[in-house]
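Trainee: Using numbering that gives the first Met the number 0, you'd call the opening residue of the sequence shown number 0 and step up by one each time. The C-beta atom is built at its ideal place from N, Cα and C for all residues, glycine as well. Model, not experiment: these values are computed from the prediction.
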Amino acid sequence: MARSTTAKKTSDADSLARYRAKRDFARTAEPSGATEQTSGNGFVVQKHAATRLHYDFRLELDGVLVSWAVTRGPSVNPDDKRLAVRTEDHPLDYARFEGTIPKGEYGGGTVMLWDNGTWESIPGKDPRQTLPEGHLHVILHGRRMRGEWILFRLKPRGKEKAENWILRKVNDAFAGGSDDLVGIHLTSVDTDRTMDEIAAGAAAKRAGSGAPSPKISKGKASVSGRTRKMPKGTLPPFQPVQLAALVDNVPPGDRWLHELKYDGYRTLLATGGGEGRAYTRSGLDWSDRFSHLIADAVGLTATSALIDGEAVVTLPDGRTSFQALQAALKGDPSAIQYFAFDLLELDGEDLTQRPLIERKELLHALMGEVHGRLRYSDHIIGKGEKLFDSFCGAGLEGVISKRVDAKYSGSRSGSWVKTKCIRRQEFVIVGWTPSDKQRGFRSLLLGVNEDGKLRYAGKVGTGFTGDEIERLMGIMAPLEQKTAPVEAPRAAVRGAHWIKPKLVAEIAYIEFTDEGVLRHPSYLGLREDKKPEAVVLEKPAKVALVATPTVTSGVRISNRERIIFPEGKLSKGQLADYYEAVADIMLPWAGSRPISLVRCPQGRAKKCFFQKHDAGTFGDDVRHVGILEKDGHEEPYLFVDTPAGLLTCVQMGTIEFHGWGARIEDVEKADRLVFDLDPDEGLAFSDVVSAALHLQDTLAQMGLVTFPMVTGGKGVHVIAPLTPSAEWPEIKDFAHRFAMALAQAEPDRFTAALAKARRTGKIFIDYLRNQRGATAVMPYSARSREHAPIAVPVTWEELRSLDTASRWHIGDAEAMLQRAASKDLQHWGRADQILPDL
0 MARSTTAKKT SDADSLARYR AKRDFARTAE PSGATEQTSG NGFVVQKHAA
50 TRLHYDFRLE LDGVLVSWAV TRGPSVNPDD KRLAVRTEDH PLDYARFEGT
100 IPKGEYGGGT VMLWDNGTWE SIPGKDPRQT LPEGHLHVIL HGRRMRGEWI
150 LFRLKPRGKE KAENWILRKV NDAFAGGSDD LVGIHLTSVD TDRTMDEIAA
200 GAAAKRAGSG APSPKISKGK ASVSGRTRKM PKGTLPPFQP VQLAALVDNV
250 PPGDRWLHEL KYDGYRTLLA TGGGEGRAYT RSGLDWSDRF SHLIADAVGL
300 TATSALIDGE AVVTLPDGRT SFQALQAALK GDPSAIQYFA FDLLELDGED
350 LTQRPLIERK ELLHALMGEV HGRLRYSDHI IGKGEKLFDS FCGAGLEGVI
400 SKRVDAKYSG SRSGSWVKTK CIRRQEFVIV GWTPSDKQRG FRSLLLGVNE
450 DGKLRYAGKV GTGFTGDEIE RLMGIMAPLE QKTAPVEAPR AAVRGAHWIK
500 PKLVAEIAYI EFTDEGVLRH PSYLGLREDK KPEAVVLEKP AKVALVATPT
550 VTSGVRISNR ERIIFPEGKL SKGQLADYYE AVADIMLPWA GSRPISLVRC
600 PQGRAKKCFF QKHDAGTFGD DVRHVGILEK DGHEEPYLFV DTPAGLLTCV
650 QMGTIEFHGW GARIEDVEKA DRLVFDLDPD EGLAFSDVVS AALHLQDTLA
700 QMGLVTFPMV TGGKGVHVIA PLTPSAEWPE IKDFAHRFAM ALAQAEPDRF
750 TAALAKARRT GKIFIDYLRN QRGATAVMPY SARSREHAPI AVPVTWEELR
800 SLDTASRWHI GDAEAMLQRA ASKDLQHWGR ADQILPDL
């Protein structure tokens, strides 16, 4: 903190006498205030887990820290009025205290330096004059608390001895959602430790109380997620990327802008607080591979930004080359460039609800045409067919076409489409045929997922350099197995060496033969950003069906009048209309992950059943991913990634959608933890809310940001999003041990026991959602219950005021769209964190 003058005494003989009288400094490491300090205009907020968790807000004034205990912590939502109880003044050197106060001592518990900075008074509102009058109006320049804040004293009621105040945020550029501060920022601004790490005496992760040095960082449990309006400088986490549907022709008209289709790795660049990250399309952290790009992004003038684009290597003739990119990743990463084509966040403001053309204007203003290795991806509006012809004539890959007025949906919604000059896509390597030379191979054998299993797709024998053949042999040899993972014509694969289907290759080709094998294929490189399970054949759709602005799914719903919710006489058509309306906000959660359907063809009151496999009866819009079962055989799991897929499931009698805790790009790595709080019949919903808030606090001590969702049934899901890194055994072990520890700590309140007889009067912590193959109901899914309730993401603040888990139903589609775009929920469920130690 800044110190400008010698510390002054207040009107009391010693304003710290009360502070000292409460403490035994032979037992506590808290400062006694005996050392003379210099006074300035600093402030500090200390997160304090004493009898109850609270946040101590301390303002430096006339030689002491004037202090309040804010029971639920500060909120940047101007509508929130947080109770702040005035406490004794503290010495100035308390502003540097972080550690543990011994049990039995006053305030015993863990103390974290949660925020610090300086304050300035509003002109004409000097705190020295207004504080005795019962109000305070200051501007904070903290690491987390910024902008204008107001404190005002409440009139005492009855025999109240405490001096109660209210802390409130003024509606300015730093205002935001209720959970944007205490629900997100879980580590010390001084040492980067969580509350649990401080309590355990873990070493500081960085020293000093100043701002952290600029750095390129990997994901970690203690780094924040965000909501729509975060304090400037917060590092944005990954969010699902917008995907383009393959179409047969470029869409016509001036409603579309057209960009070059680049030949590289789709990458999100995130910057904030002097840090940067790079994410693949599936959320993997590739910051180490793209460190040069991150360094340039961190140098942009924005305090925070989330940029969408493609990492590429450009050839002398201007074309981008995937093979050259592969070589650069192995040899010279500094040769990699980045073409930026969208901006999802800027200076803490979410931009995804703005039209694309506005987002691109802001992106161009931010970075210009060139910023280091970063390039702005230009476009033209209209005349897409002519552009496509010119690109194809120049040997380029194709055109990406985007609706100029489209929001960024994070799904394959149809507002982005792609038209290819050259046919190319990913295939799974299933083996090789030997070369007649001493080393290497003659060709790679390829497969593609179809109807949930690998189908033989031919072989590729061109496009390899000598070095690449040697490298591939080194990778494939340890994967060799005796059995073939595909059925293939014996003559075509004579002498084949089969391998486990773990590798994915990018292949260019002319077409498929009538037998379903590739004609004139050429190898382009390995795809490390895509898993074999996600490799399915792309088939171009009619552009009129995919890209027509008035069409969302194009799926015909039969028997629309059939009543499937008899209690409210709600029909199949009404359910379909609901899913059609919410497809864009639901698919970022339910799309591109293995799903189980609850199908009720005759309605919810009749026979319903779960379905997770399919042999192709749902049609092309519902896709399949082959996943190995415990016995080693592969099963076709369902997934959807378009509104048409969602609505096709509804047409087939689906009411509920339940999803894995991992995406199809890598089904072995979880992207979330889910704790389902299931109350016994006799418990009130308020008991569930209280339990969920307890889980939020407990997981926050460990550095995990969590988000609540009401399930549409009886319970609440407490969800911790994860950057995919931990595999299922680790995820399951963490969830099990956490649930058991909570049940042991509060046995009268919680149980982790499966037996129903042991749940009487308790809340069951269902940790079993966190294992391979387990599913949980997806956000915005309808439920097969009376009156068609839906599962709805909520904020922690909102959860406190709810009296049921089934507050909303399928008639509330418009409300869901408005909620999803609100400042509190725009980025619900996003956080940059990995599994902590337990």
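Mark residue 14 as exposed unless 16 or more other C-beta atoms lie within 10 angstroms of its C-beta, in which case mark it buried.
Mentor: Counting from one through the sequence shown, the residue named residue 14 turns up at place 15. Classification of residue 14: buried, given that the 10 Å Cβ count is 16 or more.
Trainee: Report yes if the CB atom of residue 139 is closer than 8 Å to the CB atom of residue 118, and no otherwise.
Mentor: Your numbering for residue 139 matches position 140 in the sequence shown. Your numbering for residue 118 matches position 119 in the sequence shown. Closer than 8 Å, so yes.
Trainee: Bridge partners of residue 791, per DSSP?
Mentor: Here residue 791 corresponds to residue number 792 of the sequence shown, with the count starting at 1. BP columns for residue 791 point to 709.
Trainee: Express the C-alpha separation of residue 177 and residue 75 in angstroms, rounding to a whole number.
Mentor: For the purposes of this step, residue 75 is taken as residue 76 along the sequence shown, with counting starting at 1. For the purposes of this step, residue 177 is taken as residue 178 along the sequence shown, with counting starting at 1. Whole-angstrom Cα-Cα distance: 6 Å.
Trainee: Given this structure, state the Cα-to-Cα distance separating residue 833 from residue 618, to the nearest angstrom.
Mentor: Along the sequence shown, read from residue 1 onward, the residue named residue 833 stands at position 834. Along the sequence shown, read from residue 1 onward, the residue named residue 618 stands at position 619. Rounded to whole angstroms, residue 833 to residue 618 spans 37 Å at the Cα level.
Trainee: For residue 111, list the residues DSSP reports as bridge partners.
Mentor: As a first step, residue 111 is located in the sequence shown; it is residue number 112 there, counting from the start. Answer by DSSP bridge pairing, in chain order: 46.
Trainee: Once the 5 residues before and after residue 280 are set aside, which same chain residues still bring their CB inside 6 Å of it?
Mentor: The count along the sequence shown starts at 1 and reaches residue 280 at position 281. The residues are 240 and 265.
Trainee: Give me the Cβ distance between residue 824 and residue 688, rounded to the nearest whole Å; I'm assuming they're in contact under 8 Å.
Mentor: Mapped onto the sequence shown, residue 824 falls at position 825. Mapped onto the sequence shown, residue 688 falls at position 689. Not a contact, Cβ separation roughly 18 Å.
Trainee: Pull up the CB-CB distance for residue 430 and residue 444, whole angstroms please, since I reckon it's below 8 Å.
Mentor: For the purposes of this step, residue 430 is taken as residue 431 along the sequence shown, with counting starting at 1. For the purposes of this step, residue 444 is taken as residue 445 along the sequence shown, with counting starting at 1. Between residue 444 and residue 430 the Cβ distance is about 4 Å, and since that is below 8 Å, they are a contact.
Trainee: For residue 789, count neighbouring C-beta atoms within 10 Å of its own C-beta (all shown protein chains included) and say buried if the count is 16 or more, exposed if not.
Mentor: Start at 1 with the first residue of the sequence shown, and residue 789 comes out as number 790. Residue 789 comes out buried.
Trainee: On a Cα-Cα basis, can you pick out the residue from 554, 43, 601 and 377 that is closest to residue 654?
Mentor: Translated into positions along the sequence shown, residue 654 becomes position 655. Taking only the C-alpha atoms, the option nearest residue 654 is 601.
Trainee: Quick one, which of 555, 770, 329 and 570 has its alpha-carbon nearest residue 561's?
Mentor: For the purposes of this step, residue 561 is taken as residue 562 along the sequence shown, with counting starting at 1. For residue 561, the nearest C-alpha among the options comes from 570.
Trainee: With contact counted as at least three CB pairs below 8 Å, one residue from each stretch, are the stretch 347 to 354 and the stretch 411 to 425 in contact?
Mentor: Touching, no.
Trainee: Residue 110 and residue 47 look like a contact to me (Cβ under 8 Å); what is the Cβ gap, rounded to whole Å?
Mentor: One-based indexing of the sequence shown puts residue 110 at position 111. One-based indexing of the sequence shown puts residue 47 at position 48. The pair is a contact, with the Cβ atoms about 5 Å apart (cut-off 8 Å).
Trainee: By the DSSP assignment, the alpha helix (DSSP H) with residue 297 in it spans what residues?
Mentor: Taking the sequence shown and counting its residues from 1, one reaches residue 297 at position 298. That run of the alpha helix (DSSP H) goes 290 to 297.
Trainee: Taking 8 Å as the threshold (C-beta atoms), are residue 270 and residue 243 in contact?
Mentor: For the purposes of this step, residue 243 is taken as residue 244 along the sequence shown, with counting starting at 1. For the purposes of this step, residue 270 is taken as residue 271 along the sequence shown, with counting starting at 1. No, these two residues do not count as a Cβ contact at 8 Å.
Trainee: If you check the beta carbons only, do residue 838 and residue 782 fall under 8 Å apart?
Mentor: Since the first and last residues shown for the chain are 0 and 837, residue 838 lies out of range.
Trainee: With three or more beta-carbon pairs closer than 8 Å as the criterion, would you say the stretch 388 to 407 touches the stretch 254 to 268?
Mentor: Result yes; three or more Cβ-Cβ pairs closer than 8 Å.
Trainee: Please classify residue 626 as buried or exposed, where buried requires at least 16 other C-beta atoms within 10 Å of its C-beta.
Mentor: As a working note, residue 626 is residue 627 in the sequence shown. When all chains shown are included, residue 626 counts as buried.
Trainee: List, from N- to C-terminal side, the alpha helix (DSSP H) runs of 4 residues or more that fit wholly inside the stretch 571 to 628.
Mentor: Segments of the alpha helix (DSSP H) lying fully in the stretch 571 to 628: 571 to 589.
Trainee: Just the Cα atoms here: how many angstroms apart are residue 365 and residue 308?
Mentor: Against the sequence shown, residue 365 aligns to sequence position 366. Against the sequence shown, residue 308 aligns to sequence position 309. Cα to Cα, the separation comes out at about 14 Å.
Trainee: How many Å lie between residue 225 and residue 510 at the Cα?
Mentor: Stepping through the sequence shown from its first residue, residue 225 is reached at position 226. Stepping through the sequence shown from its first residue, residue 510 is reached at position 511. Note that residue 225 scores a pLDDT of 35, beneath 50, so its modelled location is shaky; the value from the coordinates is reported in the next line. Straight-line Cα distance between these residues: approximately 45 Å.
Trainee: According to the neighbour-count rule (16 or more other Cβ atoms, all chains shown, within 10 Å of its Cβ), is residue 556 buried or exposed?
Mentor: Sequence index remark: in the sequence shown, residue 556 carries index 557 (1-based). With 16 or more Cβ atoms within 10 Å of its Cβ, residue 556 is classed as buried.
Trainee: Once you ignore the five residues that flank residue 462 on each side, which residues in its own chain have a CB closer than 7 Å to its CB?
Mentor: For the purposes of this step, residue 462 is taken as residue 463 along the sequence shown, with counting starting at 1. Excluding positions up to five away in sequence, the list reads 521, 522 and 523.
Trainee: Can you give me the C-alpha to C-alpha distance between residue 342 and residue 306, rounded to a whole angstrom?
Mentor: By 1-based counting over the sequence shown, the position of residue 342 is 343. By 1-based counting over the sequence shown, the position of residue 306 is 307. Between residue 342 and residue 306, the C-alpha separation is close to 5 Å.
Trainee: Please look up how many angstroms separate the CB atoms of residue 609 and residue 597, rounded, as I've assumed it's under 8 Å.
Mentor: Here the question's residue 609 lines up with position 610 in the sequence shown. Here the question's residue 597 lines up with position 598 in the sequence shown. Their Cβ separation, rounded to whole angstroms, is 6 Å, which keeps residue 609 and residue 597 in contact under 8 Å.
Trainee: Would you call residue 252 buried or exposed, if buried means 16 or more other Cβ atoms sit within 10 Å of its Cβ?
Mentor: On the sequence shown, residue 252 is found 253 positions in, with the first residue counted as 1. Classification of residue 252: exposed, given that the 10 Å Cβ count is below 16.
Trainee: According to the neighbour-count rule (16 or more other Cβ atoms, all chains shown, within 10 Å of its Cβ), is residue 386 buried or exposed?
Mentor: As a first step, residue 386 must be located in the sequence shown, where it is residue number 387. Buried, because 16 or more other Cβ atoms sit within 10 Å of the Cβ of residue 386.
Trainee: Just checking my contact of residue 558 with residue 672 at CB under 8 Å: how many whole Å lie between their CB atoms?
Mentor: Here residue 558 refers to the residue found at position 559 of the sequence shown. Here residue 672 refers to the residue found at position 673 of the sequence shown. Residue 558 to residue 672, Cβ: 39 Å. No contact.
Trainee: Among 593, 236 and 310, which residue has its Cα nearest to the Cα of residue 282?
Mentor: Stepping through the sequence shown from its first residue, residue 282 is reached at position 283. Minimum Cα distance to residue 282 is reached at 236.
Trainee: Just the Cα atoms here: how many angstroms apart are residue 613 and residue 316?
Mentor: Counting from one through the sequence shown, the residue named residue 613 turns up at place 614. Counting from one through the sequence shown, the residue named residue 316 turns up at place 317. Their Cα atoms are separated by approximately 47 Å.
Trainee: By a C-beta neighbour count over all protein chains shown, 10 Å radius and 16 as the cutoff for buried, is residue 331 buried or exposed?
Mentor: In the sequence shown, the residue the question calls residue 331 occupies position 332. Residue 331 comes out exposed.
Trainee: When DSSP builds the beta bridges, which residues end up paired with residue 632?
Mentor: In the sequence shown, the residue the question calls residue 632 occupies position 633. DSSP lists no partner for residue 632.
Trainee: Report the start-end ranges of each alpha helix (DSSP H) in the stretch 663 to 708 that is 4 residues or longer and not cut off at the edges.
Mentor: Segments of the alpha helix (DSSP H) lying fully in the stretch 663 to 708: 684 to 700.
Trainee: Take the Cβ of residue 380 as the centre, count every other Cβ of all protein chains shown within 10 Å, and call the residue buried at 16 or more, exposed below.
Mentor: As a position in the sequence shown, residue 380 is number 381, starting the count at 1. Counting Cβ neighbours within 10 Å, residue 380 comes out exposed, since fewer than 16 surround it.
Trainee: Closest by CA to residue 382, which one among 407, 250, 428 and 327?
Mentor: On the sequence shown, residue 382 is found 383 positions in, with the first residue counted as 1. Among 407, 250, 428 and 327, the Cα nearest to that of residue 382 belongs to 250.
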